[in-house]
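Residue numbers (the working numbering), protein chains in the order written: chain A, 3 to 434; chain B, -14 to 304; chain C, 83 to 363. Positions of the beta carbon are idealized from the N, C-alpha and C atoms, including for glycine. From a predicted model like this one, the values you see are computed outputs, not experimental measurements.
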Amino acid sequence: MRGAHPGVVPGRRGRSRRYRAAAALGAAFLAAPMVAACGSGGGGGTTINVYYGPEENFQNVVEACNAKAAGRYRIVYNTLPREADGQREQMVRRLAAGDPGMDVLGLDVTWTPEFAEAGWIEEWAGQNRADVESGTLPGPLKTATYHGKLYAAPKNTNVQLLWYRDDLVPNPPQTWDEMLSMAEQLKQQGKPNEVLVTGAQYEGLVATYNTLVASSGGHIISDDGTRAVMDAGAVHALDELRKLATSPVADPSLSNDKEDSIRHTMEDGRAAFELNWPFVYASMRKDRPELAAHFKWAPYPGTLPGMPGKAAIGGFNLAVSTYSRHKPEAFEAAKCLRSAESQKYSAINSGVPPTIEAVYADPDMTQKYPMKDAILQELTDPAVRPITPAYQNASTVISTVLSPPSGIDPQRTADRLRKELQDALDSKGVLP
Amino acid sequence: MSEQLATAVASTATTTKAPEKGKAVLSEGKRAERRLGWLLCAPAAIVMLAVTGYPIVYSFWLSLQRFDLRFPARREFIGLDNYVTVLTSGYWWTAFGVTAVITVISVAIELVLGMILALIMHRALVGRGLVRTVSLIPYGIVTVVAAFSWRYAWTPKTGYLADLVSPGGAPLTERLPSLAIIILAEVWKTTPFMALLLMAGLALVPDDLLKAAAMDGASAWQRFVKVTLPVMKPAILVALLFRTLDAFRVFDNIFILTNGAQQTSSVSIQAYDNLIKGLNLGIGSTMSILIFLTVAVIAFLFVKGFGTAAPGSDQGGRR
Amino acid sequence: MAIIGGTETTGRKVRWALLDVVVVVYALVPVLWIVSLSFKTTDTLTDGNFIPRKWTLDNYRTIFTTTEFVRALGNSIGIALISTAIAVVLGTMAAYAIARLDFPGKRALIGVSLLIAMFPQVSLVSPLFETERTLGLFNTWPGLILPYITFALPLSIYTLSAFFREIPWELEKAAKMDGATPGQAFRRVIAPLAAPGVFTTAILVFIFCWNDFVFAISLTSTSASRTVPAALSFFTGSSQFEDPAGSISAAAVVITVPIIVFVLFFQRRIVAGLTSGAVKG
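Printed below as a string of C-alpha cells:
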C-alpha cells in the first residue's frame, strides 16, 4: 500500500500501518477510527481541518488566521463540492461514521437543526456564544440557533436581490407581476427581456419559492417545524411561480437554471431581470465591464401590492464537529474565520455579504460593495427558511414537486406538497 | 426460492462426477478428498456468505425499524410499516417503472445488436481479431468514464451530439431524452458482453447442419432461424438472464448522466438516495430488500419459466 | 466457404471490411471523445468540436498535481490489486475442488456463487454501510476490498473451473502415483499448468474491481480510500466557476489506459475467459 502513492501526504505512514492492521484483523473490532487529512501540520502543531464549499480568496482568510494563531494551530481549508447538496452529502456521511478528521464545518444556513439534532455539532456556549452574538445581525443569527441554543457562528449571509438593466427599464419593478409585464413589454419591443430565476430541481428553486411564500405572507411549514401548513399565501406563491414559468419571457431552459447559469445568461445580454445572489455583481464587472454600467440592483419584488418582498436568507455558518479532537482550537479558528476583519475581506474580494452589522458601515465597503444598503434593508426583515431537522427531506420534496415550474397547478400542487411534506417531516416518507 | 435456483443449477453440475457416485463405503482416499474439497472451498464460501448472507439478513432486520441516523433517539421497531410506506409511494413505483423500462428496452436492443456483433465476430472474413479487440473496449471501460463521455456529448455547446440531434435543446434536462440517453449508454457498454456470450453459443452450431440446410435450398435467414437459433437457445437465455439482472441494477450511468433528475431514478439510485442522502436506514434497507426480492423473482422466472440453464450447469457435457 | 468462388470473395471481403469499420466506430467514438476533451484548452472546451482545435496537456498536469486524484489513483490501484490477488487465490482453491474433487456441499457452493453473481449490489449498501460504520471499516481499504472479493469470487470460480477442466489431469495422477499427496499434486503439477487460466481470471477480476462505482461511492467518504470512479464525481474544479470537465476527462483517460492495455495485449485470453466461464451450450 505504501508503494502505491509514495510520499504524497505527510503522516500517511502511520495511517497505512493502521490500515494494514485492520486488514489483517479482518473485521477487527473497532479499528482505530480512520483519520482523513489529519497529518501533522506545519511545525508539528495542531491542524484544524475546515470543510467548506469553494469560495474565491477564502484561502487568504485562512492564511491571515494562521498568521494570527502564531503556530498554536494551523488551519487547512478543504474544499467541498460546489453544490450545497454535494457538500452536505460529504459531511453527513463522514459524521455518520464518527470521523474525527473534520474540525470546523461550513454549514449552509438550512442545516443547523439537522446537524444539531443528530448530535454532530457542538453547542456554542458561554464566552463563545457571547462573542458570536455581539454585533451579529439577528436574521443570520436565527439560522444558527436551534431550540434556543446556538450551534454555529454565522460566517456570511446572503440574500437574493433583483438585478436589472437600467438601459432597458429605468425604474425597477416593485412587484412580481409588474416585473413580468415590464418584461413582456420589452419583448414586444424586441429588446432583451428574459426574467431569470433559479428554477432547476434543486435547493435554488426551494429558496426562490420560500421567498415568494414569505412575501405573500404564507407558510410552508409551521414555525415549530413539525407541521406542513401550505396556507393561502403558499398557494399564491405557487401561482406566481407558475405565471413566470408559463410566461413568454421565461428562460426556455428555466427548469435547468442554477445560480451560475443565469449569471451567464445575464452576462450574455439576453435578459432584463435576474433574481440572484450578490456575487453576480463582481462577476459582471469583471466579465462585461460595458454592461456593468447599466447593471443595477433593487430589493426583491413583492408578490402582493404594497408589500415589499421578503427574501430568503442564504449563507454559511461555521460549526464545530462533535468528533473533533481539538475543539477549543476549532472554536477559536472558527471565530477568526468569521471575524469582522475576515468578513470585510470576503465581502470585498469574494462578494459575500457580512453577518456583522458594523462591517456594513466600514468606509471601504461603500465603494467596493455598493449594494450593501439594499442587502442590509432586506436583512432587516428577511424570510428564514423552515427550521427543522428534516429540512433536507422537505427541500427535496419541494424541489421535486415544483419541477418543472411550468407544470404547477396551484391548489393541486399545494395539496400534494402538504401531504408529502408531512411525511418528510416525520421522516417516514420515501425520498424522491 | 434461492434453494430451488441453486438446485436447478447444481443438479446438472454434479453430473460431472456421476460415475463415481453411489459408493456405499467411503475409502480413506475418498475421505481425504472430501476434507481437501471442504478445505479448499471454505475460504471462498465463508467470505461470500459473510459479505452477502449476513448483511442481507441484517438489512431485513433494519427494514423493520424506524431508523433515521439524524434522529437517533427515535429508533424503534415498527414491523412492516416501512414496506407499506415504500410500496404505497408514488416515487418508488415511478423508479420501479423507469428501471423496468430501461431493463426491457436496453436488453432487447442489446440482444439484436449483440447477435449481429456476435455473427460479425464469428464469421468475419477480414479483421476478426480487430473486431474482437475493439469490442472489448466498451466491455472493459469504466462505466463512469463512458457515462461522462455521453454526458459531455449531450451537453449543449460542449458536446458533438447535442447540437447535432436537438439543436437548441438540452436533452439531459428532459425526461424522455434522458431515458433514451441512459439506454444508449447502457446498450453501448454491454452489447459486446452480450455478443461474447452469444458467440460462445454460435461456436456450437455445427457447420455440417448449416451446409445441409443450404443444400436443401434454405435461405440465409431461414438457416439462421431454423438451425442457428434453436441450437443457440440455451446460450441466448443465459445471456438474457445475466443481462436482465445486470440491467435491473442500473446505477452508474444514471448517477452520472442525470443523478435521478426529471424522474429518471432507478430503484438502485433511489435506495442510494434514501440511504446516503436521507440517512434513513429503515427506508433504505426496505428498498434493498425489495430490490433483492425482485431480482430473485426475475431469476426464478427465467429458470422455471424459460428453463434457462445457468452457466456452469452444462459442464457435465463438456468432459 | 468452399462453395463461394474467388471473385465473390473479394466483394465479400470488402463488405466485411465495411462492417468492421462500423464496429470500430461504434466502439471507439465515445472513448475518442473523452480523449479529445481531455486535450482541449479551457477556452475551447465548450466549442463542441470532436477534434480539439487547440491541444494542451494542462488537464493532465492539473490532475497529477491534485492530491485528490493522485491518492484516488493510488487507492484504485492498491484496492484492485489486493482484491484481485485474494479473489484469485480463493477462487483457484475453490475452482480446483469443484473441477476435480467430489465432496458434499459442492452443489451448494456452485449455487451460492451463482446467486451472488446475480445479487443486486445496491442491496448490500445499507447493511454494509451500517456494519462498517460500527466496525470502523467504513472509508478504509479493507472496507472496499471485502465486497470486491465477494463479488469477484463467483466470476473467478466459474472462469477458473472452466479452465481447470481443460488441464491434462493424467499428470496429476502420475504425480500421485509417485507418492505425492493431493495437495502436493495441486501445488507442484497443476498450479503451473493452470497459470494461464489464473492470469486471465486475474485480468477479468481486476477489470471488475477497477470498474466498481456503487460500493466505491457508498462506502468511502474521503481520499483515504476513495477510488477514481467515485472521486471523478466529486471533482470540484479549482475555483467556484470553473467547470471541471477538462480534469474529469483527463482523469477518465488515465484510468482507461490499463483497460486499453489489457484489451490490446490479452484480447484472446479475455475472450476465452469470458466465453468459457459462460456457456458452452
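| Item | Value |
| --- | --- |
| Secondary structure, beta strand (DSSP E): runs of 3+ residues fully inside the segment 81 to 129 of chain A | 106 to 110 |
| For B/E159, three-class secondary structure by DSSP | coil |
| Unbroken stretches of the beta strand (DSSP E), 3 residues or longer, contained in the segment 322 to 347 of chain A | none |
| Cross-chain neighbours of A/E91 in chain B, by beta carbon under 7 Å | I261 and K262 |
| Integer-rounded CB distance, given that A/S344 should sit under 8 Å from A/A66 | 7 Å |
| A/S42, DSSP secondary structure in three states | Reliability fails at A/S42, whose pLDDT of 37 lies under 50, so the model's placement of it is uncertain and no value is given. |
| Neighbour-count burial assignment, A/A247, 16 or more Cβ in a 10 Å radius | buried |
| DSSP three-state assignment for A/A299, whether helix, strand or coil | It should be pointed out that residue 299 of chain A corresponds to Trp in this sequence rather than to Ala. A/W299: strand per DSSP, three-state reduction. |
| Three-pair Cβ contact test at 8 Å for the segment 306 to 325 of chain A versus the segment 388 to 405 of chain A | no |
| 8 Å Cβ cut-off: residues of chain C touching A/D101 | N221, S303 and T304 |
| Whole-angstrom distance between A/E422 and A/A396, CA atom to CA atom | 8 Å |
| Endpoints, the alpha helix (DSSP H) within which A/E261 is located | E261 to D270 |
| As assigned by DSSP and simplified to three states, the class of C/N221 | coil |
| Residue burial classification, B/E13 (beta-carbon count within 10 angstroms, cutoff 16) | exposed |
| Contact belief for B/V190 with B/L98 at Cβ below 8 Å, rounded distance in angstroms | That belief does not hold up - the Cβ atoms of B/V190 and B/L98 are roughly 19 Å apart, past 8 Å. |
| DSSP-derived helix/strand/coil call for C/K122 | strand |
| Euclidean distance between Cα positions of A/A98 and C/R215 | 8 Å |
| Contact with chain C by B/A29, beta-carbon distance below 9 Å | yes |
| C-beta atoms of B/S273 and C/S205 nearer than 9 Å | yes |
| Bridge partner(s) assigned by DSSP for A/N51 | A/V78 |
| CB contact below 9 Å: B/I63 versus chain C | no |
| Where C/K136 falls, given that 16 or more other Cβ within 10 Å makes a residue buried | exposed |
| Contact list for B/P123 against chain C, beta-carbon separation under 7 Å | A109 |
| B/I261 beta carbon less than 9 Å from that of A/R95 | yes |
| Bridge partner(s) assigned by DSSP for C/W137 | C/K122 |
| Interface flag, A/G88 vs chain C, CB-CB below 9 Å | yes |
| Neighbour flag for C/W137 against chain B, beta carbons, 9 Å | no |
| Residues within the segment 209 to 233 of chain C neighbouring chain B, beta-carbon criterion of under 8 Å | P209, L210, F211, E212, T213, L228, P229, I231 and T232 |
| Nearest-angstrom Cα separation, counted from B/A80 out to A/T402 | 14 Å |
| Amino acids of chain A, ordered along the chain, whose beta-carbon sits closer than 8 Å to that of C/F316 | P83, G88 and Q92 |
| Coil, strand or helix - A/Y153 by DSSP | coil |
| When A/T159, A/D411 and A/T114 are compared against A/A314, the one with the closest alpha-carbon | A/T159 |
| Local conformation of A/Q369 per DSSP, three classes | helix |
| Contacts that C/F246 makes with chain B (C-beta to C-beta distance below 8 Å) | Residues of chain B passing the Cβ test: none, with the nearest at roughly 11 Å. |
| Proximity test, Cβ basis, 9 Å: A/A98 and chain C | yes |
| Contacts around A/S194, its chain only, beta-carbon distance under 8 Å, and the 5 residues preceding and following it disregarded | Looking at the sequence shown, residue 194 of chain A is not Ser but Pro. Result list for A/P194: R167, L170, L188, G271, R272, A273 and A274, in chain order. |
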